[in-house]
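Those protein sequences? They're chains H, G, F and C, same order as listed. The first sequence: position 92 = 92 (this note's numbering), numbered continuously. Each number in this note's numbering corresponds to the 1-based position in the second sequence with 1000 added. Each number in this note's numbering corresponds to the 1-based position in the third sequence with 2000 added. Each number in this note's numbering corresponds to the 1-based position in the fourth sequence with 3000 added. Here a beta-carbon is modelled for each residue, glycine too, at the ideal position from N, C-alpha and C. First comes the structure, then the notes that go with it.
4 protein chains.
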Amino acid sequence: MLETRVFVTKKPKLRNPICIVGLPGIGNIGRIAVGYMVHELKAKKFAELYSPYFFPFVMIHNNMIHTLRNEFYYCKTKKRDIILLIGDCQTYDPKGHYEVVGKILDFLKTFGCKAVITVGGFGTGRVSEKPKVYGAATNSDIIKDYKKYGINFDISGQIGTIVGASGLLVGLARSYGMEGMVLLGETTGFPIITDPTAAEAVLRILEKILKIKIDLTKIDEKVKAMHDFIKRLEDVQKQAISQMKKRDKPEELKYIG
Amino acid sequence: MLETRVFVTKKPKLRNPICIVGLPGIGNIGRIAVGYMVHELKAKKFAELYSPYFFPFVMIHNNMIHTLRNEFYYCKTKKRDIILLIGDCQTYDPKGHYEVVGKILDFLKTFGCKAVITVGGFGTGRVSEKPKVYGAATNSDIIKDYKKYGINFDISGQIGTIVGASGLLVGLARSYGMEGMVLLGETTGFPIITDPTAAEAVLRILEKILKIKIDLTKIDEKVKAMHDFIKRLEDVQKQAISQMKKRDKPEELKYIG
Amino acid sequence: MLETRVFVTKKPKLRNPICIVGLPGIGNIGRIAVGYMVHELKAKKFAELYSPYFFPFVMIHNNMIHTLRNEFYYCKTKKRDIILLIGDCQTYDPKGHYEVVGKILDFLKTFGCKAVITVGGFGTGRVSEKPKVYGAATNSDIIKDYKKYGINFDISGQIGTIVGASGLLVGLARSYGMEGMVLLGETTGFPIITDPTAAEAVLRILEKILKIKIDLTKIDEKVKAMHDFIKRLEDVQKQAISQMKKRDKPEELKYIG
Amino acid sequence: MLETRVFVTKKPKLRNPICIVGLPGIGNIGRIAVGYMVHELKAKKFAELYSPYFFPFVMIHNNMIHTLRNEFYYCKTKKRDIILLIGDCQTYDPKGHYEVVGKILDFLKTFGCKAVITVGGFGTGRVSEKPKVYGAATNSDIIKDYKKYGINFDISGQIGTIVGASGLLVGLARSYGMEGMVLLGETTGFPIITDPTAAEAVLRILEKILKIKIDLTKIDEKVKAMHDFIKRLEDVQKQAISQMKKRDKPEELKYIG
């Protein structure tokens, strides 16, 4: 694989689709919020994305080999169809973020997708019982349209940069003929691995934007179930980063299987 | 995005265009001189360049998402048309400089552009009230043509190398069928972020080369307005460099949004 | 060479081929097991793979230049044809593993290959007189089919990740239209360079899977013969890693020949 | 420039050409030996190679901009035509060696070139008044053919690896349909920048192989003339390596021109 590739298993016809993206990040808010949507909306997987910029190992999970990937799901709603993108990981390499993001946007375009909302976390260092949801967009129309849903768009001074695919997917969307927004759930930041409360706050907003109902009663239970796998993913990636650092040490040729 | 891309918003017809390039660098002289030209000459944007070798984050600026980019503007003058290229950043990776430079030269060629002048700074460590402007060219004809404008071409011994896109754009121009020159405004170097005096000195030279008038009365004021954004750009990139260094530390998976 | 390339010397017609892969790794179990098969089955070489992600040097071996490579062999058996892939090295770069693996899978596909078994080692830290063979697969059918041969598929909790090409070849196989399995011979791990006992255990399993006979009486002797070359390979690569670390030191421009 | 490129200025017709390569390396023996041949044989330049894997700066030399490059020359002799390849530098990146070497071999092939001899140095740590010339080849026929010229092919145990383009050009030649040999002049190694005595020893051998006469009376004088430029090349590259190390320090954004 010379470059990031999307392997398509089926090609659904989608009506005016909007893509909701939940990749790992601060508090894994995007990952668990959109992962929960996949379960609750009974979304169907139709493509997988692999990248040379993901870590070069496979995980053993439930006695089987699991290869790091991002996954595209879709579900149909009354108003419009939804593409849900979740992932095991982001790339470990700065250049990789651009490659993966470009591949995703190109792929979304083939379905006539015109809008992308990425979900992430914003670590404040404080514990908040009613976490706010912040929004960052590429044009003021989006802000006008969505302000009424309780998104806090007044973010200058609070949020300086959004690092990784969640920011770039929106930041490059317009060049690919789409519009986009980042939704950031307020969370404490370190060292919480998953923050279901912030994920829930974001889901409440997404319900309004997408004009759908998401039953949130099972979120704690589902997040608990996801938690172990996400924790293992983080652990092996941390391990991999350590090993890559040691890669430069001669004796470390041997960690390869 | 697998490689650096130029997204063209309109394709103007240009008459014998010359490209003036102002990218960030020592004293940001190129950035502010050419940025000022864009304002004063009321140049129109017609293309944006994004690169996987720019930092993988978006900035929040005035409550909106700003993605790192270089921008192409054009303006028409009596003598010839001018393409103005300014940018938020240069690439953080040595290989990236070549990629971006190749893309720029290829793009300029499609407009029949035959000449490129890049503007940069030369840090002397001294404060100079009347900063000199140094010139480096790829052939002696340019030196002969432009010496009369007060450019100091006697630079061996003073300037050893020109690092980054400003040097390479000119150094590779001939292989792409163009000629070029680097104009370096004398500046103290560290730690001045923007040096409007040196920028002004370069603009005085460019006026003569381009046979145009640039009203320089508003330069201090305009530079002050640009200053904040440039400072933020520098700050977030410095932050990003620090984070990329820490990227190899397992606990730092978490800085991703 | 911009990318990993397979240079084909002849293109054999192969009947329902299965590919057995033995690359360097823990205890070099794959490398010596599959290397031994090449000798014993009198397999014929038909292609060589070179990669920009292998170290950029040539070795002197028996007064001749040896360039780092992977090699494809084939042999015909009653039941089905076998492609044997052995190599001097894996890539030193994480991204390289994906590139090499993609090239291998693309190449295997052109022969109608539908199955790939990679052989590696699993370092337990214990000495075991009768080393177990562990298996990891991408789907439960393989486990059902092969369990009877004495492979231990109950690996969760014992094996967390499989790093490098052996894991990825199987992990990505399905996306390329193949099925796969990793066979891991139990070995002590450090600091044994070659572990013929574990290799023998894996070969006993492969005999059953492939329905062939492999005369194992000469394995110790053959491994001894291979040992020197493998040791030199490891030594020069360790040296190269040290030199690449020092590459950033100015004085080290000079190690280049 | 996304990849290494050869810019061809004229396309000579060449009769059974052999390519002699002199790139910078230990004692710069190849660089000065082949550089001297270019002068003495009045060879004509017909192509230049630039690479994203060369350092991203231009040098100021004699008040002009000099961009790092390799250069192809040719000259016609009674027996066969000769392509001479000399260069300012090798790539700073391991992957780059493969890319540059592949581009060179592809380019040579377009001229029907079937043989390549690279010239390098072998640092022994000893001063030798009559330096030996060592040879490393990819097949035994070359050894048989050239042994009579006084090349020492008995190198196992003395030379372990040949790092960089000189080794790889020969190591990969066969896969590109060529044969090749590395000629290594014995030299002390550190810290001599140029070793004309070893270069002379190699030239004596090349005279015999190529059946030409090279007037060696001016070599000391010519090497002295080349010395300054080579020393500056080395100095700026060492500087660049230092700066690239510091690149990761936030304050070092500023060294860019």
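Nearest CB-CB separation between tyrosine 2098/F and chain H: below the 7 Å threshold. DSSP places leucine 2084/F in the uninterrupted beta strand (DSSP E) bounded by 2081-2087. For leucine 184/H, the closest Cβ of chain F is not nearer than 7 Å. Contact with chain G is found for asparagine 3063/C, since one of that chain's Cβ atoms lies less than 7 Å from the residue's Cβ. Here asparagine 62/H is exposed. Its C-beta has fewer than 16 other C-beta atoms within 10 Å. Contact between the segment 148-158 of chain H and the segment 78-86 of chain H is absent: fewer than three C-beta pairs spanning the two stretches fall below 8 Å. A Cβ-Cβ distance of about 19 Å is found for the pair isoleucine 3026/C and phenylalanine 3153/C, leaving them out of contact under the 8 Å criterion. Scanning chain C for C-beta atoms nearer than 8 Å to the C-beta of proline 2094/F yields nothing, as the closest lies near 13 Å away. The segment 3183-3225 of chain C contains, as complete alpha helix (DSSP H) runs of 4+ residues, the segments 3196-3210 (chain order). Beyond the five residues adjoining it in sequence on each side, isoleucine 3159/C comes within less than 8 Å, by CB distance, of Phe3122, Tyr3134, Ala3136, Leu3184 in the same chain, given in chain order.
Within the model, the alpha-carbon separation for alanine 198/H versus threonine 118/H is close to 14 Å.
Here the alpha carbons of valine 2163/F and glutamate 1234/G stand approximately 38 Å from one another.
With a threshold of 7 Å between beta carbons, valine 2170/F makes contact with chain H. Judged by beta-carbon spacing, glutamate 1040/G lies within the 7 Å limit of isoleucine 1214/G, meaning their Cβ atoms are closer than that value.
Taking 7 Å as the cut-off, the Cβ atoms of tyrosine 2050/F and arginine 2069/F count as close.
Here isoleucine 2029/F really is in contact with valine 2202/F; their C-beta atoms are around 6 Å apart, less than 8 Å. The DSSP-derived three-state label of lysine 2114/F is coil. Distance from the Cα of isoleucine 2212/F is smallest, within the candidate group Ile2082/F, Gly2022/F, Gly2035/F, for Ile2082/F.
7 Å or more divides the Cβ of glutamate 1207/G from the Cβ of alanine 1115/G.
Considering only beta carbons, the part of the segment 218-237 of chain H lying closer than 7 Å to chain F consists of Val236, in chain order.
When C-alpha distances from glycine 1087/G are compared across Val1021/G, Leu1210/G, Thr1009/G, the shortest belongs to Val1021/G. Residue contact check for isoleucine 3060/C against chain G: a CB pair falls below 7 Å. Beta-bridge annotation (DSSP): methionine 3059/C is paired with Thr1161/G, His3066/C. Listed along the chain, the chain F residues whose CB falls inside 9 Å of the CB of threonine 67/H are Thr2138, Gly2167, Leu2168, Val2170, Gly2171, Leu2172, Arg2174, Ser2175.
The residue among Val34/H, Pro24/H, Val8/H with its C-alpha nearest the C-alpha of arginine 204/H is Val34/H. Secondary structure note for isoleucine 29/H: its alpha helix (DSSP H) is the uninterrupted segment 29-40. The contact set of phenylalanine 3153/C on chain F, defined by CB atoms closer than 7 Å, consists of Asn2063 in chain order. Glycine 120/H sits in a strand when the DSSP states are folded into three classes. When the five nearest sequence neighbours on each side are left out, the beta carbons in the same chain lying within less than 8 Å of the beta carbon of isoleucine 3209/C are those of Ile3117, Tyr3146, Tyr3149, in order along the chain. Membership of glutamate 3099/C in the alpha helix (DSSP H) is indicated by the continuous run 3094-3109.
Put simply, of Glu2186/F, Ile2192/F, Leu2169/F, Lys2222/F the residue whose alpha carbon is nearest the alpha carbon of aspartate 2106/F is Leu2169/F.
For the options Lys2045/F, Thr2124/F, Leu2108/F, the alpha carbon positioned closest to that of isoleucine 2192/F is the one of Thr2124/F. Using a Cβ-Cβ cut-off of 7 Å, methionine 1/H counts as an interface residue toward chain F, since at least one Cβ of chain F sits closer than that to its own.
The Cβ-Cβ distance between valine 3127/C and leucine 3084/C does not fall below 7 Å. Counted as a single uninterrupted DSSP element, the alpha helix (DSSP H) harbouring tyrosine 146/H occupies residues 140-146.
One Cα belongs to glycine 1167/G, the other to phenylalanine 3057/C, and the distance between them is close to 6 Å.
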